[in-house]
Amino acid sequence: MRHHKNVWMMLIVLSIVAILFYLFFWMLTTPYDLFPSDPERADRMLSAIKSILSRKSSQVMAMIISAILISSTSLIFQTLTNNRILTPSLIGFDAIFVLVQTVIVFFFTSSSIVYVNPYINFLVAATLMIVLSLLMYRLILRKNRNHIIFLLLVGMVLSTLSRSLATFLQTVMDPEEFQSLLIRTEVSIANMNTTIIWLSLPLMVLIVILIVKNFRSYDVMSLGESQAIGLGVDYAKKLNWGLIYIALAMSISTAMIGPISFLGLIAVNAAREILKTYKHFPLFIASSLIAIIFIVLGQGIIVETGYLTTVTVLISMIGGAYMIYLVLKENKT
Amino acid sequence: MIEIKNIYQAYGDFKVLDNVSLTLQEHKITALIGANGAGKSTLLGVLSRLLSPSEGDILVDGTPIHQMKSKEIAKKIAILKQTHQLHIRITVRDLVSFGRFPHSQGRLTKTDQEKIDEVLEYMSIQDLENRYLDELSGGQRQRAYIAMILAQDTKYIFLDEPLNNLDMRYAVEMMTILQKMVKELNKTIVVVMHDINFAAAFADHIIAMKDGKIIVEGSTDDMMDKKILDHIFDHDFCIAGVNGRKVCIYYNNQEHMKIEEIKGEILS
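Taken in sequence, the protein lines are chains W and P. Under numbering that gives the first Met the number 0, think of the first position of the first sequence as 0, with each following residue one higher. Under numbering that gives the first Met the number 0, think of the first position of the second sequence as 0, with each following residue one higher.
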């Protein structure tokens with residue numbers, strides 16, 4: 000019981016930090032200049048973050064939606080595949096999304112309604128993603144669940160293969176088609192695509208509600224497949240629906256802010272380290288907050304350093320190092 | 000009552016279960032024995048709906064198991080598999096709480112909490128309830144898992160090699176607890192085992208499997224027979240009597256006997 004209290008204490012602390020964090024920037028965006036005599040560097044950093052948060056609300060919303068989706072689906076992906084290292088993007092989901100977009104342009108041309116209308120485009124791409132992710136689970140993930148190194152390798156191959164295939168299709172494409180394809184594929188936090196925000200917001204709410212409703216079952220599922228079935232969880236059903244949520248969430252976040260490989264890994268594992276619990280609900284809240292903080296802070300650093308690199312690279316750098324640490328730790332036990 | 004009729008299960012061309020029919024004996028410990036790969040674990044998996052058979056019916060109180068909801072089955076049958084590799088850090092109490100999932104769907108009521116206290120006490124691990132599973136010894140961890148199964152409050156309990164990785168003292172303790180559960184709580188327990196002597200000492204009924212078939216079943220006393228055991232395991236056993244109980248000696252071939260004799264001479 001005492002342990003549970005600790006979890007909630009930590010959650011409250013994290014929430015307060017997040018609220019303070021937000022209030023702080025909200026104050027910065029008010030006309031009063033609170034830090035007139037600060038050193039220039041800190042000032043520039045703060046105004047960079049300020050500029051991110053004071054961007055169009057649709058962009059802030061897109062960031063928050065994506066952060067929540069990435070962290071929550073990484074969390075349940077780890078439960079469904081019974082490991083702590085893989086995340087949907089590490090197994091290649093976001094690279095596949097880029098490939099799917101390229102294939103759509105390649106076969107339907109960029110002037111077709113499947114590409115021009117952002118909603119229809121998203122629905123077609125998301126459906127393809129769901130089919131592909133279910134296939135991927137059947138063919139690869141289920142059989143090799145315990146071989147994390149092998150799965151990481153598969154993920155790397157799948158990402159590279161999808162990227163190369165996309166590049167190949169793009170090279171043989173008509174240059175004008177290629178230009179219009181870039182709108183959908185060259186998306187990043189600096190260059191967000193918020194056209195589908197009114198589709199993704201309700202979808203996110205729906206996905207989050209469905210996932211939260213299943214948290215108690217997911218808790219049991221972290222005991223492993225046979226134990227979960229023994230305790231009366233309809234494992235196959237929960238698994239298939241879980242994969243559908245994941246594919247949808249990855250489609251939404253990749254469509255809006257582009258691929259961010261290691262964000263889910265960092266957010267979920269940091270939440271686990273901090274809260275030291277297996278319960279999905281507190282982990283979900285903590286990892287979402289961490290993901291939001293990471294994106295915003297990361298973008299702040301990028302703007303401050305004068306766009307020398309991108310947030311994706313920064314997060315990949317930290318996340319990659321963290322993953323090596325996790326793999327080594329996992330191998331030891 | 001659980002009965003299975005004409006069960007077949009195959010991986011590719013290899014028949015793991017070949018026309019198996021069985022009616023479980025109620026309120027007894029049944030030991031499922033047989034050589035490695037004889038199909039014991041598969042049979043247990045099929046009995047507990049972890050695996051669905053290629054052919055045949057499993058009837059729980061007359062209802063085919065595939066027509067029942069997983070949640071309902073979980074109130075009647077509890078299963079513990081041999082490997083529990085956990086990727087999460089969890090306390091004993093939290094683990095045992097999972098046993099209440101079929102009844103409460105994760106929202107623990109006061110009745111659930113009382114039941115959890117009760118089983119923790121029954122397995123005498125109440126002072127370990129806030130410890131993490133990875134801090135416990137193998138014997139304590141196994142008791143925590145049995146406590147979870149007990150919290151599930153089912154009539155049938157299926158255990159896949161529960162004595163694995165336990166030393167002799169803990170293994171005896173575990174089997175004694177299972178006997179107590181049959182006697183006091185009216186459970187029906189099926190255990191997959193490798194050690195014949197443990198089966199002989201603690202089981203009421205033994206089912207022997209070979210090549211995916213049930214070849215013999217009977218009371219423990221009838222089954223502890225040289226001819227039967229030799230046939231089950233394709234091995235040369237020696238049955239001896241110790242304290243009015245039958246004990247089986249596995250290392251019965253000539254060379255070992257000689258070594259024993261030599262050692263005996265030296266000792267005397």
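Even for Gly, the Cβ is constructed at its ideal location relative to N, Cα and C.
Between which two residues does the beta strand (DSSP E) containing residue i stretch?
| i | result |
| --- | --- |
| P:PHE13 | 13-22 |
| P:GLY33 | 28-33 |
| W:THR101 | Premise fails: W:THR101 lies in the alpha helix (DSSP H), 92-107, not in any beta strand (DSSP E). |
| P:LYS209 | 204-209 |
| P:ILE188 | 187-191 |
| P:SER47 | Run containing P:SER47: none; DSSP gives neither H nor E here. |
Under a three-way DSSP split, which group does residue i fall into?
| i | result |
| --- | --- |
| W:PRO35 | Caution is warranted here: a pLDDT of 49 is assigned to W:PRO35, below 50, making its placement in the model unreliable, and the coordinate value is therefore given only provisionally. Here W:PRO35 sits in coil by DSSP. |
| P:ASP133 | helix |
| P:PHE157 | strand |
| P:LEU42 | helix |
| W:LEU68 | helix |
| P:GLU54 | strand |
| P:TYR250 | coil |
| W:ARG141 | coil |
| W:GLN226 | helix |
| P:GLY217 | strand |
| W:PRO30 | Reliability fails at W:PRO30, whose pLDDT of 47 lies under 50, so the model's placement of it is uncertain and the value that follows must be treated cautiously. Coil. |
| P:ALA351 | No answer is possible for residue 351 of chain P: it lies beyond the span of chain P, which begins at 0 and ends at 267. |
| W:ARG83 | coil |
| P:LYS226 | helix |
| P:GLU25 | coil |
| P:ARG106 | coil |
| P:THR62 | strand |
| W:THR126 | helix |
| W:THR309 | coil |
| W:ARG162 | helix |
| W:LYS278 | coil |
| P:LYS68 | coil |
| P:ARG140 | helix |
| P:ARG244 | strand |
| P:ILE87 | coil |
| W:ILE292 | helix |
| P:ILE145 | helix |
| W:ILE259 | coil |
| W:ILE188 | coil |
Please classify residue i as buried or exposed, where buried requires at least 16 neighbouring CB atoms within 10 angstroms.
| i | result |
| --- | --- |
| W:PHE106 | exposed |
| W:ARG271 | buried |
| W:ASN192 | buried |
| W:HIS279 | buried |
| P:HIS13 | As written in the sequence, residue 13 of chain P is Phe, which differs from the His given in the question. P:PHE13 comes out exposed. |
| W:GLN178 | exposed |
| W:VAL156 | exposed |
| W:THR311 | buried |
| P:MET167 | exposed |
| W:VAL12 | exposed |
| W:ASN190 | exposed |
| P:THR175 | exposed |
Contact defined as beta carbons within less than 8 angstroms: I believe residue i pairs with residue j. What is the distance between those atoms, to the nearest angstrom?
| i | j | result |
| --- | --- | --- |
| W:ILE245 | W:SER132 | 6 angstroms |
| W:ILE64 | W:MET203 | 5 angstroms |
| W:GLY91 | W:SER161 | 6 angstroms |
| P:HIS204 | P:LYS4 | That pair is no contact at about 19 angstroms. |
Ends of the alpha helix (DSSP H) at residue i?
| i | result |
| --- | --- |
| P:LYS75 | Where P:LYS75 is concerned, there is no enclosing alpha helix (DSSP H), given that its DSSP letter is neither H nor E. |
| W:VAL211 | 196-212 |
| P:ALA170 | 167-184 |
| P:VAL241 | Here P:VAL241 belongs to no alpha helix (DSSP H); instead the beta strand (DSSP E) covers 237-241. |
| W:TYR234 | 234-256 |
| W:VAL178 | Residue identity check: residue 178 of chain W is Gln in the sequence provided, not Val. Looking at the DSSP string, the run of the alpha helix (DSSP H) that includes W:GLN178 is 174-184. |
| P:GLU128 | P:GLU128 -> no alpha helix (DSSP H), and no H or E assigned at all. |
| W:ILE112 | 112-115 |
| P:LEU94 | 91-97 |
| P:ASN196 | 195-201 |
Hey, is residue i close to the ligand GDP, as in C-beta under 6 angstroms from one of its heavy atoms?
| i | result |
| --- | --- |
| W:THR193 | No copy of the ligand GDP occurs in the structure displayed, which carries no ligand at all. |
**Stretch pair the region 249-259 of chain W + the region 62-69 of chain P: three plus CB contacts closer than 8 angstroms** = No, because fewer than three Cβ pairs between the region 249-259 of chain W and the region 62-69 of chain P fall closer than 8 angstroms, the two stretches do not touch.
**Request:** Flag this pair as touching only if the region 212-224 of chain P and the region 195-204 of chain P have three or more C-beta atom pairs under 8 angstroms; answer yes or no.
**Result:** Three or more Cβ pairs closer than 8 angstroms define a contact, and the region 212-224 of chain P meets that threshold against the region 195-204 of chain P.
**Message:** Between the region 124-138 of chain P and the region 149-162 of chain P, can you find at least three pairs of beta-carbon atoms closer than 8 angstroms?
**Reply:** no
**Message:** Measuring CB atoms only, is the region 107-115 of chain P touching the region 82-91 of chain P, in the sense that at least three cross pairs come out at less than 8 angstroms?
**Reply:** no
**Request:** Pair every Cβ in the region 280-290 of chain W with every Cβ in the region 79-88 of chain W, then say whether three or more of these pairs are closer than 8 angstroms.
**Result:** no
**Message:** So, does the region 146-153 of chain W touch the region 261-271 of chain W, judging by three or more C-beta pairs under 8 angstroms?
**Reply:** With contact defined as three or more Cβ pairs closer than 8 angstroms, the region 146-153 of chain W and the region 261-271 of chain W are not in contact.
**Message:** Across the region 46-53 of chain P and the region 5-12 of chain P, are there enough close Cβ pairs to call them in contact, namely three or more that are closer than 8 angstroms?
**Reply:** yes
**Item:** Any 3 or more C-beta pairs closer than 8 angstroms across the region 94-104 of chain P and the region 145-152 of chain P
**Value:** yes
**Message:** Does the region 225-236 of chain P come into contact with the region 29-48 of chain P, if we say contact requires no fewer than three beta-carbon pairs (one atom in each stretch) closer than 8 angstroms?
**Reply:** The region 225-236 of chain P, when compared against the region 29-48 of chain P, does touch it at the 8 angstroms Cβ threshold.
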